[in-house]
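**Q** Please find one structure pasted underneath; my questions will follow.
4 protein chains.
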Amino acid sequence: MKTNVLILSGVLLSIASSGFAQEQSKYPEPMPMKPQMSEYWTPQPPVITPGTTTANAVMSPPSDAIVLFDGKDLSEWQNTKGEAAGWTVHDGVVTVNKKAGDILTKQSFEDFQLHIEWQIPENIAGSNQGRGNSGIFLQDKYEIQILDCYNNETYVNGQTGSIYKQTPPTVNPMRKPGEWNVYDIIYKAPTFTKDGQFRTHPTVTVILNGVVVQNNTTIIGTTQYIGFPKIIPHGEGPLRLQSHGDPSEPISFRNIWLREL
Amino acid sequence: MKTNVLILSGVLLSIASSGFAQEQSKYPEPMPMKPQMSEYWTPQPPVITPGTTTANAVMSPPSDAIVLFDGKDLSEWQNTKGEAAGWTVHDGVVTVNKKAGDILTKQSFEDFQLHIEWQIPENIAGSNQGRGNSGIFLQDKYEIQILDCYNNETYVNGQTGSIYKQTPPTVNPMRKPGEWNVYDIIYKAPTFTKDGQFRTHPTVTVILNGVVVQNNTTIIGTTQYIGFPKIIPHGEGPLRLQSHGDPSEPISFRNIWLREL
Amino acid sequence: MKTNVLILSGVLLSIASSGFAQEQSKYPEPMPMKPQMSEYWTPQPPVITPGTTTANAVMSPPSDAIVLFDGKDLSEWQNTKGEAAGWTVHDGVVTVNKKAGDILTKQSFEDFQLHIEWQIPENIAGSNQGRGNSGIFLQDKYEIQILDCYNNETYVNGQTGSIYKQTPPTVNPMRKPGEWNVYDIIYKAPTFTKDGQFRTHPTVTVILNGVVVQNNTTIIGTTQYIGFPKIIPHGEGPLRLQSHGDPSEPISFRNIWLREL
Amino acid sequence: MKTNVLILSGVLLSIASSGFAQEQSKYPEPMPMKPQMSEYWTPQPPVITPGTTTANAVMSPPSDAIVLFDGKDLSEWQNTKGEAAGWTVHDGVVTVNKKAGDILTKQSFEDFQLHIEWQIPENIAGSNQGRGNSGIFLQDKYEIQILDCYNNETYVNGQTGSIYKQTPPTVNPMRKPGEWNVYDIIYKAPTFTKDGQFRTHPTVTVILNGVVVQNNTTIIGTTQYIGFPKIIPHGEGPLRLQSHGDPSEPISFRNIWLREL
Chain A
1 MKTNVLILSG
11 VLLSIASSGF
21 AQEQSKYPEP
31 MPMKPQMSEY
41 WTPQPPVITP
51 GTTTANAVMS
61 PPSDAIVLFD
71 GKDLSEWQNT
81 KGEAAGWTVH
91 DGVVTVNKKA
101 GDILTKQSFE
111 DFQLHIEWQI
121 PENIAGSNQG
131 RGNSGIFLQD
141 KYEIQILDCY
151 NNETYVNGQT
161 GSIYKQTPPT
171 VNPMRKPGEW
181 NVYDIIYKAP
191 TFTKDGQFRT
201 HPTVTVILNG
211 VVVQNNTTII
221 GTTQYIGFPK
231 IIPHGEGPLR
241 LQSHGDPSEP
251 ISFRNIWLRE
261 L
Chain B
1001 MKTNVLILSG
1011 VLLSIASSGF
1021 AQEQSKYPEP
1031 MPMKPQMSEY
1041 WTPQPPVITP
1051 GTTTANAVMS
1061 PPSDAIVLFD
1071 GKDLSEWQNT
1081 KGEAAGWTVH
1091 DGVVTVNKKA
1101 GDILTKQSFE
1111 DFQLHIEWQI
1121 PENIAGSNQG
1131 RGNSGIFLQD
1141 KYEIQILDCY
1151 NNETYVNGQT
1161 GSIYKQTPPT
1171 VNPMRKPGEW
1181 NVYDIIYKAP
1191 TFTKDGQFRT
1201 HPTVTVILNG
1211 VVVQNNTTII
1221 GTTQYIGFPK
1231 IIPHGEGPLR
1241 LQSHGDPSEP
1251 ISFRNIWLRE
1261 L
Chain C
2001 MKTNVLILSG
2011 VLLSIASSGF
2021 AQEQSKYPEP
2031 MPMKPQMSEY
2041 WTPQPPVITP
2051 GTTTANAVMS
2061 PPSDAIVLFD
2071 GKDLSEWQNT
2081 KGEAAGWTVH
2091 DGVVTVNKKA
2101 GDILTKQSFE
2111 DFQLHIEWQI
2121 PENIAGSNQG
2131 RGNSGIFLQD
2141 KYEIQILDCY
2151 NNETYVNGQT
2161 GSIYKQTPPT
2171 VNPMRKPGEW
2181 NVYDIIYKAP
2191 TFTKDGQFRT
2201 HPTVTVILNG
2211 VVVQNNTTII
2221 GTTQYIGFPK
2231 IIPHGEGPLR
2241 LQSHGDPSEP
2251 ISFRNIWLRE
2261 L
Chain D
3001 MKTNVLILSG
3011 VLLSIASSGF
3021 AQEQSKYPEP
3031 MPMKPQMSEY
3041 WTPQPPVITP
3051 GTTTANAVMS
3061 PPSDAIVLFD
3071 GKDLSEWQNT
3081 KGEAAGWTVH
3091 DGVVTVNKKA
3101 GDILTKQSFE
3111 DFQLHIEWQI
3121 PENIAGSNQG
3131 RGNSGIFLQD
3141 KYEIQILDCY
3151 NNETYVNGQT
3161 GSIYKQTPPT
3171 VNPMRKPGEW
3181 NVYDIIYKAP
3191 TFTKDGQFRT
3201 HPTVTVILNG
3211 VVVQNNTTII
3221 GTTQYIGFPK
3231 IIPHGEGPLR
3241 LQSHGDPSEP
3251 ISFRNIWLRE
3261 L
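Taken in sequence, the protein lines are chains A, B, C and D.
Just so we're aligned: 92 in our numbering is position 92 of the first sequence, and the numbers increase by one with no gaps anywhere.
To convert, take the position in the second sequence, counting from 1, and add 1000; that gives our numbering.
To convert, take the position in the third sequence, counting from 1, and add 2000; that gives our numbering.
To convert, take the position in the fourth sequence, counting from 1, and add 3000; that gives our numbering.
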């Protein structure tokens, strides 16, 4: 699989596809790493209280949005094999089904504005990264983390609002389990040089519960669980929502829409 | 006044302060211009319908915001002479008083996230730029236009959502008179070279009624009614709200807060 | 011709191509302007003396360069009609022939590093813009000015080293007529939104005689003789060298090469 | 020492200085890493031949440059203890003295254009990173690598022209030992948010022997021998030239000058 091959090589580098197998034998590979090498716990972002509005007030999508989930069905989504998305639609929301794996939009996108709401269940259990873990992969490459960070500390570049294992959020405006959190994400896709480096980096502004937590942040590569970010040239790509497989209760989403910019 | 002197010279240039008077006599000035030279009517941005929410639902400020107007008083504001701001506070909103002129925040800012809500009165009259005209000057230099653009055409770089006389909004998501429009503005201040040019340009993302209408747009200079944008080196600056002096009913504001980024 | 149509509309705007003729009749056009409205004479950049090296030392192109002129022929160039370029090759240099008009590279480019040397003739006459005037149009859209600015004042955004009628050079390191000036230009092409605005601006670094005079400067639109810069979406484009038609002696070029970045 | 403390914490993070000791006891540190984890050997940049000019032609500095070394003395330099710089001046060049350690400019800088020439001795020995190793630290933080890469392979993000352990050069235009290599480096300093993140990243354009090998590349943090780049807020800083302590012959420098931009 293409991505697996690419992952063998490196950070901040693109991979020449031709002749790669031969080069494997001549040149050394970077020494393997552990996840804990890229986990930073300090300084913890300040905890703030976001604004409140009428309980469960939901703003409808603008008329030029692509509605990705309106509470009724997952017709805009599929699983990683291109089959029907197996998450559970009920009561106007969609809930992660860990057996069904990640789900991706059928459509691919370049620059966009994304609105997505998500809820940590009231009876969430676990701690650190094992508590309400999910994530939104922009263009299937760059993860904006989702985690219950309400009275739950973790490494700061793994908090909600972080570009996963890259840049922590400036503040922590999480709502508590049982309430709806809202992400408004403004994303600009990268361009690449002929050499496979970034010609222009991807950038992202993340607004969580009305609070800017990433301000046109430069994304420096893919968001790797282990090791350095990678530069992997790509064109348009889908959104991916992560099924993390935590042992506790699964999280839910609603009111998902996107405007191409 | 410093600004007046600077305005004599030009676009995309900074002004060396020393010896300026002498240079006046030796070098020609750019030929004067008319306002209509920088007014572009095409292409008109698509009109879209923004999302709707519970009538008059107002989201409270986050806990780390500087509240600039909470419905009670104008203690955070002053007029252009540094005196008390003379606009009218009533019913939890503040309404322009055209005799009182523009109002400015007492505090100055660099980078920020601004939330501000504004309402065109239901009985608005007039047309083109003479209909609900106001504006928000970021750092007292760069105007984000406010105008009733609901069934009211004007030059596109003078519409609501435009960086005035520079960049039109990508779409027109205005609500109709009597409803509240919401601006969420994310602003990054410029830096300047020793020569008075932009070292890094100011940039702005403007979200109007939940819809991105400026996506990290490069601001190319001050927003001039007549002629070219100017590059005027400056440090931190206040917000200014414009009293445009239209003959019709004045507009109102509410729920103004700002987070320094 | 496509470009002519686009030029009718405006600055900082892109032009929707469909239905444009109809819109002409409904909306006003911006009021016409004069060239002198965009000519700024102050502050004049400091005059400095660039480094000197062995007389007529020419560095050969690197091995991965596209050699555009090696002193022998104009086989890489054509005139604006796509015919043979009619400038005069002699003594290892090429001299402007004003009857032959501008010349363009046959190849088109995106991002590049350009090296080009040029000489104002020793017996140059005239003053202001009428003295050794030429220019290099990057992607046939954005002019880096060429002019004899050795003891010849002009408006600063029309000097050698300026992005024409946009941004003046930070200093003036011109060599005198009869000596060779050297431009090293590093250019990054723009990308555009679906609405025809800049998604990312073109940028340029200009090194004149070894001295940085534009430092990754943001280009704000096409370089217009009259009026505001325009935003005209485009893909790759050729280099254009200007035959300005001055009444005095024509300028010469040598050692032109380019590396695609 | 301030820098040592900061180095304890992490990548892509700034360090709150107050209360840091206490936090040490509560939160885990990232797991230690090895140098080989950030060494990438593929793809190797293409080897190209740079231009040649008259042997030993040296261009004199422009008149507005700060001359840092003109062949006579090291009066603009000091060692890491603020004492006299102990490298060897002879024959118009300065040669590394490994016992004397690194040398730094006495002056500090923000944005600049730097010109510096360096020579690998003809009788160089060793291989990989142990062959003519030195480096230029911009603002004492970000290393542009110097190494004999003429017929000497190493990890690509450690080659001459690389931002050390970050971004490899696009090509390899090294001259052979005994010839002079020329770096022209255009650097823009970072700005930082109040939270200690990059507000704007540092960027660098590197021209090696007349060939662009870094094109306004985004620097993502300090250039660490071990582990991830760090974000360490700083103001202006000096240049540092590295005494690497290789067992072989030391390298030499000449004609060093800088223009503040």
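All residues carry an ideal CB built from backbone N, CA and C; glycine is no exception.
Would you identify the three-state DSSP class for D:Lys-3165, choosing helix, strand or coil?
**A** Coil at D:Lys-3165, not helix or strand.
**Q** From this set, B:Thr-1222, B:Lys-1106, B:Met-1174, B:Val-1067, which residue's C-alpha is nearest B:Ala-1084's C-alpha?
**A** Minimum Cα distance to B:Ala-1084 is reached at B:Lys-1106.
**Q** DSSP has D:Lys-3106 in a bridge; who is on the other side?
**A** In the DSSP output, where bridge partners are listed per residue, D:Lys-3106 has none listed.
**Q** With distances taken Cα to Cα, identify the nearest neighbour of D:Glu-3260 among D:Leu-3104, D:Phe-3109, D:Ile-3103, D:Pro-3046.
**A** The residue with the shortest Cα to Cα distance from D:Glu-3260 is D:Phe-3109.
**Q** Name the DSSP bridge partner or partners of B:Thr-1191?
**A** DSSP output for B:Thr-1191 lists B:Thr-1200 as bridge partner(s).
**Q** Quick one: list the residues of chain C neighbouring D:Ser-3060, beta-carbon separation under 7 Å, in chain order.
**A** Residues of chain C passing the Cβ test: Gly-2051, Thr-2052.
**Q** Mapping DSSP to helix, strand and coil, what is A:Gln-36?
**A** Here A:Gln-36 sits in helix by DSSP.
**Q** Would you say A:Pro-173 reaches chain B, if we count a Cβ-Cβ gap shorter than 8 Å as a contact?
**A** So yes, A:Pro-173 belongs to the interface.
**Q** For a contact defined as C-beta to C-beta under 9 Å, what are the partners of A:Asp-64 on chain B?
**A** Chain B residues near A:Asp-64: Pro-1046, Ile-1048, Thr-1049, Val-1171, Pro-1173, Val-1211.
**Q** Could you say if the segment 2115 to 2126 of chain C and the segment 2175 to 2183 of chain C meet the contact criterion of at least three C-beta pairs nearer than 8 Å?
**A** Yes, they touch.
**Q** Grouping DSSP H, G and I as helix and E and B as strand, with all else coil, what is B:Ala-1084?
**A** Correct three-state label for B:Ala-1084: strand.
**Q** Would D:Ile-3066 and D:Leu-3239 qualify as a contact pair, given that the criterion is a beta-carbon distance under 8 Å?
**A** Going by C-beta atoms, D:Ile-3066 is not nearer than 8 Å to D:Leu-3239.
**Q** Using a Cβ cut-off of 8 Å (strictly closer), state whether C:Asp-2195 contacts chain B.
**A** Answer yes: the Cβ-Cβ gap between C:Asp-2195 and chain B drops below 8 Å somewhere.
**Q** Which stretch, first to last residue, makes up the beta strand (DSSP E) that contains B:Asn-1079?
**A** Segment 1077 to 1079, the beta strand (DSSP E) holding B:Asn-1079.
**Q** Looking only at DSSP bridge pairs, what is B:Thr-1218 linked to?
**A** Per DSSP, B:Thr-1203.
**Q** Nearest to B:Asn-1172 by CA position, among B:Gly-1082, B:Val-1156, B:Tyr-1027, B:Pro-1233, is which residue?
**A** Nearest option by C-alpha distance: B:Val-1156.
**Q** Starting from D:Ser-3252, trace the beta strand (DSSP E) both ways and give me its first and last residue.
**A** Per DSSP, D:Ser-3252 belongs to the beta strand (DSSP E) from 3252 to 3260.
**Q** Below 7 Å between beta carbons is the criterion; list the residues of the segment 130 to 159 of chain A that meet it against any residue of chain B, in chain order.
**A** Residues: none.
**Q** Pull up the distance between the alpha-carbon of A:Thr-167 and that of D:His-3234, whole angstroms please.
**A** When rounded, the distance between both Cα atoms is 19 Å.
**Q** Can you list, in chain order, the residues of its chain with a C-beta nearer than 8 Å to that of C:Gln-2159? Leave out the 5 residues immediately preceding and following it.
**A** Around C:Gln-2159: Pro-2045, Gln-2145, Leu-2147, Cys-2149, Pro-2168, Pro-2169, Asn-2172.
**Q** Excluding the 5 residues preceding and the 5 following A:Gly-227 in the sequence, name in chain order all residues of the same chain whose CB lies nearer than 6 Å to its CB.
**A** Met-33, listed in sequence order.
**Q** Please report the distance separating the alpha-carbon of B:Gln-1197 from that of B:Ile-1220.
**A** Looking at the two C-alpha atoms, the distance is approximately 11 Å.
**Q** Within 10 angstroms of the Cβ of D:His-3201, are there 16 or more other Cβ atoms? Answer buried if so, exposed if not.
**A** Per the 10 Å Cβ criterion, buried.
**Q** Counting contacts by CB-CB distance shorter than 8 Å, is C:Leu-2114 in contact with chain F?
**A** Protein chains in the displayed structure are A, B, C and D, and chain F is not among them.
**Q** Can you find a C-beta in chain C that's less than 8 Å from the C-beta of A:Thr-263?
**A** Since the first and last residues shown for chain A are 1 and 261, residue 263 of chain A lies out of range.
**Q** What is the DSSP secondary structure of D:Val-3156, counted as helix, strand or coil?
**A** Note: D:Val-3156 maps to helix in three-state DSSP.
**Q** Does B:Thr-1218 get closer than 8 Å to chain D when you measure Cβ to Cβ?
**A** Chain D contact via Cβ: absent.
**Q** Straight-line CA distance for B:Gly-1130 to B:Ile-1136?
**A** Near 17 Å, if we compare the C-alpha coordinates of B:Ile-1136 and B:Gly-1130.
**Q** Establish whether the CB of D:Arg-3254 and some CB of chain C are separated by less than 8 Å.
**A** D:Arg-3254 does not count as touching chain C.
**Q** Under the rule that 16 or more other beta-carbon atoms within 10 Å means buried, what is C:Asn-2128, buried or exposed?
**A** Classification for C:Asn-2128: exposed.
**Q** In whole angstroms, what separates the C-alpha of D:Trp-3087 from that of D:Asn-3133?
**A** Whole-angstrom Cα-Cα distance: 16 Å.
**Q** For the segment 2181 to 2193 of chain C, list every residue whose C-beta sits within 8 Å of some C-beta in chain A, in sequence order.
**A** Against chain A - using a Cβ distance shorter than 8 Å - the residues of the segment 2181 to 2193 of chain C are Lys-2188, Thr-2191, Thr-2193.
**Q** Identify the continuous beta strand (DSSP E) that holds D:Glu-3236 and give its terminal residues.
**A** Note, D:Glu-3236: premise wrong, no beta strand (DSSP E); not H, not E.
**Q** Please confirm if D:Leu-3074 has its CB atom under 8 Å from at least one CB of chain B.
**A** Cβ-Cβ to chain B under 8 Å: no for D:Leu-3074.
**Q** I'd like to check one pair, D:Gln-3078 with D:Ile-3251: are the Cβ atoms closer than 8 Å?
**A** Result no, Cβ atoms of D:Ile-3251 and D:Gln-3078 do not sit closer than 8 Å.
**Q** Beta carbons nearer than 8 Å to chain B: which residues of the segment 2218 to 2250 of chain C have them?
**A** Within the segment 2218 to 2250 of chain C, the residues whose Cβ lies closer than 8 Å to some Cβ of chain B are Thr-2218, Ile-2220, Gly-2227, Phe-2228, listed in chain order.
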